[in-house]
Every structure is written in structure tokens, then in C-alpha cells.
Amino acid sequence: MSDTANVYFTDFRATYSENLLQKLQRLIKAAGMGGLPFEGKYTAIKIHFGEPGNLAFLRPNYAKAVVDFITAHGGKAFLTDCNTLYVGGRKNALDHLDAAYANGFTPFSTGCHVLIGDGLKGVDDVNVPLPDGHHVKEAKIGRAIMDADIFVSLNHFKGHEMTGFGGALKNIGMGCGSRAGKMEMHAAGKPKVNAAACIGCGVCVKCCAHGAVAVGQPAAKAAVTKRVAHIDPAVCAGCGRCMGHCPKDAIRPGYDESIEIMNAKMAEYTAAVLRGRPHFHISLICDVSPECDCHDMNDAPVIPNLGMLASADPVALDQACADLCCAAAPLPGTMLTESAPHKDHFCALHPNTNWRTAIAHAERMNIGTSKYTLVRC
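So the number in the numbering used here is just where the residue sits in the sequence shown, counting from 1, plus 6.
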């Protein structure tokens, strides 16, 4: 691996002879994306379709520019993301497709189909071995994503309330994990049953491969008296299948992992997605909302739109994006100007986060390097 990676950058200025979509295609061509062996190959483009109600996600026009580039090189592209761990508009494939289409990501607007990576209920995944993983020995990645021959990430760079910012590593590692994979990254413990929501249907009992779930009477002093599901944490393998199958979303994960360990797991999941196949990464620093596109709202952008970046190295790409953002002047009247002053914008927005731990662990996993040369084009 090279000691320094090239990260290609162009701003959002446009002319009558070159619009932003043409400029994006020129950027990815200069960065070497055309050198990938696209001819006849299935190419997964990992993107965030945006939670219904959120308006900060990338416009589908950018996705089409990337799709058109891949198609022109003979590739068979599809847009993809995996279902969410939390309850919302993208927790299963049907709702997820509805959200994607409502936000403009249709085959007619983007030039390719949308495949939800981990299937209907978020349980169609592949266990990818990680023998060198510090925290994860088998990453649970959406099957459709692992079936692809080539992987491309198209990232909206923004703030994030848990990881500091969301860029390439977040889009790949957390985004490509199935519901069980997302639980593994977020939680050190096992799923728990919300007795008030449980209807005692027993679906979780049938789908558990380890015999960890049973339906019975609650404890003597419990607030509910109906029959509900119980999970034996000593037997539970933490696979998350019960969460995916529960018709009432009564089984929930524990968000109890430390930020540093979660970031490390996210980096290890990124390694599982990328290893063994060609990959390329694109990040757009625009509409930089302070929190994730997973929310059904978005606060005002905290810095100006800075530009589009591309690289074969996702670690260098994230580092370059973070550096550009932190050097930018905050926009007045936003969450950033209301936060306590800090030399790092993302730490100012979310003081309990530490995005640098994900970068450092990604380097330890040999995903890439934080040392980069910014090539303007």
C-alpha cells in the first residue's frame, strides 16, 4: 500500500460549457474510476436514499451521472443500501424502496435498479470472515452487496451524532451491515424484548436458530400480565434475526457500545465489504447537515458547499473531506455557530464523538491511509 493516496477534488462552480454532473464525471475519470474492469460486471453503488422527511440526502441526479459513467464502460450498475436497525421508513425492503422512489431514486431517473442489500426483512446477509478483526471475526453484510463484482461508494459527507461525521467509512461499514450487522456494531449486548409492544405471537421463537427465545408469562412484578417473548442472553448469539421478523418491532437492540469500539467495528465491516474486489469512492461535501440522513428531518447546513472528491482510497477520502470541512467558515445561524468553539467542527457539533478513531483503525486494517495529496481538477 502506498504511503500517500491521491484524492481528487473539484469545487461546485459551473459554467455554461460544463454543468455539475459533467464536472462530476470528469472528476471520477481523472481519479481513475474508468480503469476498473466494469465490462459485463455487476457493480454495487452504495448510497443513502434518505429517510422520508429528510431533504439533505444527495440528489438522484448525481447517482445517474455515476451510473451513466459505469454503463458507458460496460458495467451493470445498481443502487443499494441495507435496511435500518431502528424503526423508521427504511426498516424493510418494501418501505425502503418506497422511500427511495419517493426521494427520486427510480430506475427512470437514475438509469438503474435499486436493490435492498439485505433483503425483505433485513436478514438476507453473508457472514464474511475477518481473521484479523480486533472486534469482529465474521461481518454480517447484505447478500446483494457481496454478490456484486465491483463496489462503488457515493457518499453524502455530513455530521453524525455518533461517529462525528458520516463519509465513506460510515456509508460502507455501517451502511452495508445487515440489521444484525448494525446491531453488532452498535451493541456489546444482546437484543431485548419490549414487553408492552410484544403480542406473544411466537414468530421470534420460530426464527431463532439457537433456541434462545421463548414465550411465557412475564415476571411476577412486571407491568404487563399477558404472555410475552423472553430472550435468554446466555444462549442468544446476537444474530438479530428476531428483530427482523418481529411484526410489532417489539425486539430492540441495546445501543451500549462505546464510540471508539463502534468506530473500530465500522472500520472492520468496511474491510469486509472491500477486500477481494475492485472498489472506488466518491464524496460530495454539500448540504452538510449536522446529523445523519437517517433522521426524518435535517437541520440547516453548517458550512458552505465545498466540492466533490473522489479516490480509490476511502480512508484518505474521509480524511481529506474532514480537513476541508474543518477549515471552512461556519455558516451563521446554524447549529455549529451555536456550539461551543472548537478547532474541529465535528467535535464542536457532537463533543462526545471521536471520528479520528475510525480513521486510525481503518489504517490498522490496511483499508487505506490518512496521508493524502489533494489533486485539484
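Cβ coordinates follow ideal geometry from the N, Cα and C atoms, glycine included.
Quiz item: Thinking C-beta only, is Ser184 closer than 8 Å to Lys52?
Solution: Taking the sequence shown and counting its residues from 1, one reaches residue 52 at position 46. Taking the sequence shown and counting its residues from 1, one reaches residue 184 at position 178. Result no, Cβ atoms of Lys52 and Ser184 do not sit closer than 8 Å.
Practice problem: Determine, using beta carbons only, whether Leu312 and Ile288 come nearer to each other than 8 Å. | Solution: Within the sequence shown, numbered from 1, the residue matching residue 312 stands at position 306. Within the sequence shown, numbered from 1, the residue matching residue 288 stands at position 282. Result no, Cβ atoms of Leu312 and Ile288 do not sit closer than 8 Å.
Quiz item: In the DSSP assignment, what residue or residues form a beta bridge with Arg149?
Solution: As a first step, residue 149 must be located in the sequence shown, where it is residue number 143. Arg149 pairs with nothing; no bridge assigned.
Quiz prompt | Near the ligand SAH: Ala154 beta-carbon under 7 Å from a heavy atom | solution = The ligand SAH is absent from the structure shown, which contains no ligand whatsoever.
Quiz item: Does the Cβ-Cβ distance between Asn1 and Leu33 come in under 8 Å?
Solution: The requested residue 1 does not occur in the structure, where the chain is confined to residues 7 to 383.
Exercise. State the Cα-Cα distance for the pair His351 and Thr363, rounded to the nearest angstrom.
Key: Stepping through the sequence shown from its first residue, residue 351 is reached at position 345. Stepping through the sequence shown from its first residue, residue 363 is reached at position 357. Going by the C-alpha atoms only, they are around 16 Å apart.
Practice problem: Report back the beta-carbon spacing between Leu337 and Pro310 to the nearest angstrom; my notes put them in contact at under 8 Å. | Solution: Along the sequence shown, one-based indexing puts residue 337 at 331. Along the sequence shown, one-based indexing puts residue 310 at 304. Indeed they touch by this definition, with Cβ atoms about 7 Å apart.
Practice problem: Out of Ala326, Ser295 and Arg382, point me to the one whose CA is closest to Glu167's CA. | Solution: Counting from one through the sequence shown, the residue named residue 167 turns up at place 161. Out of Ala326, Ser295 and Arg382, Ser295 has the C-alpha closest to the C-alpha of Glu167.
Quiz item: How would you call Gly170, buried or exposed, if buried means at least 16 neighbouring beta carbons within 10 angstroms?
Solution: Taking the first residue of the sequence shown as 1, we reach residue 170 at position 164. By the 10 Å Cβ count, Gly170 comes out buried.
Self-check item: Cβ pair Thr359, Val308 closer than 8 Å
Solution: The residue labelled residue 359 in the question sits at position 353 within the sequence shown. The residue labelled residue 308 in the question sits at position 302 within the sequence shown. Contact: no.
Quiz prompt | Leu380 beta carbon less than 8 Å from that of Val13 | solution = Here residue 13 is taken as the residue at index 7 of the sequence shown, counted from 1. Here residue 380 is taken as the residue at index 374 of the sequence shown, counted from 1. It is a contact, given that the beta carbons lie within the stated cut-off.
Quiz item: Are three or more beta carbon pairs between the segment 249-258 and the segment 190-209 nearer than 8 Å?
Solution: Flag = yes, the segment 249-258 and the segment 190-209 touch.
Self-check item: CB of Asp238 within 8 Å of CB of Ala186, strictly
Solution: Position 232 of the sequence shown holds residue 238. Position 180 of the sequence shown holds residue 186. For Asp238 and Ala186, no; Cβs fall outside 8 Å.
Quiz item: Grouping DSSP H, G and I as helix and E and B as strand, with all else coil, what is Gly40?
Solution: The residue given as residue 40 occupies position 34 in the sequence shown. Note: Gly40 maps to helix in three-state DSSP.
Quiz item: Which word fits Ser376, buried or exposed, when buried means at least 16 other C-beta atoms lie within 10 angstroms of its C-beta?
Solution: Within the sequence shown, residue 376 is the residue found at index 370, counting from 1. When all chains shown are included, Ser376 counts as buried.
Exercise. Mind checking which residues open and close the alpha helix (DSSP H) that includes Ser115?
Key: Numbered from its first residue, the sequence shown carries residue 115 at position 109. Run containing Ser115: Pro113 to Thr116, per the alpha helix (DSSP H) assignment.
Self-check item: Arg233 versus Gly206 - alpha carbon distance
Solution: Your numbering for residue 233 matches position 227 in the sequence shown. Your numbering for residue 206 matches position 200 in the sequence shown. Computed Cα separation, rounded: 6 Å.
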